[in-house]
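Visitor: Sharing a structure here in structure tokens format.
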Amino acid sequence: MEPKVVQARTGGTFGEGSNRQTFKDPEERGTRSILRVNNGDTVIIGGLLRTDKVRTGTSVPIISRIPILGMAFRHKHSEEEERELIIFITPRIVEDNNIPNILSTGSGNIVREQEIPTKRLDSINKDLSTFEHQRF
Numbered sequence: 030m031e032p033k034v035v036q037a038r039t040g041g042t043f044g045e046g047s048n049r050q051t052f053k054d055p056e057e058r059g060t061r062s063i064l065r066v067n068n069g070d071t072v073i074i075g076g077l078l079r080t081d082k083v084r085t086g087t088s089v090p091i092i093s094r095i096p097i098l099g100m101a102f103r104h105k106h107s108e109e110e111e112r113e114l115i116i117f118i119t120p121r122i123v124e125d126n127n128i129p130n131i132l133s134t135g136s137g138n139i140v141r142e143q144e145i146p147t148k149r150l151d152s153i154n155k156d157l158s159t160f161e162h163q164r165f
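If you read the sequence shown in the numbering used here, its first letter stands for residue 30, the second for the next number, and so on.
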């Protein structure tokens, strides 16, 4: 698992006049996790934090530019907003007997795209065992 989040930023602008539209590129934040979870158990991944600092200023035109006196006609404000992304994952194992028998309907063979070769599976299990025995 490698969930990740990056802050949304202004993307391209399309259209002309009052039909102009600006879109935002997606936000991303990231983490990398190796998990072993029982069927139906829920895993919670948190700690994907983002802090936004917003600074705004208001002033009375012309008068706010006068030295010393102008400070009475200006106001600056800064604000911090912290957001956390929390991901809840509940894996479910789908048994082969729950999959309709495609062969009997004549639709073709079942293709198992997610099947991991045995050689690779041994390597994954070894890495997971090592990871589980580490102390943090």
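Even for Gly, the Cβ is constructed at its ideal location relative to N, Cα and C.
Predicted, not measured: the structure shown is a model, and the values here were computed from it.
1) What do you reckon, are the CB atoms on LEU157 and GLU113 nearer than 8 angstroms?
2) Is the beta carbon of SER62 sitting closer than 8 angstroms to the one on ILE73?
3) So if DSSP puts ARG84 in a beta bridge, which residue, or which two residues, is it bridged to?
4) For GLY69, tell me which candidate among GLU111, ILE122, HIS104 has the shortest Cα-Cα distance.
5) Between GLU108 and MET100, what straight-line distance do the alpha-carbon atoms span, to the nearest angstrom?
6) Going by the DSSP bridge assignment, what does PHE117 pair with across the sheet?
7) Just the Cα atoms here: how many angstroms apart are THR60 and HIS104?
Guide: To lay it out plainly:
1) Taking 8 angstroms as the Cβ cut-off, LEU157 and GLU113 do not qualify as a contacting pair.
2) No. Outside cutoff.
3) SER107.
4) The shortest C-alpha to C-alpha distance from GLY69 to any of GLU111, ILE122, HIS104 is the one to ILE122.
5) Each residue's alpha carbon lies about 20 angstroms from the other.
6) Bridge partners of PHE117: ILE73.
7) If I take the Cα positions, the gap works out to 39 angstroms.
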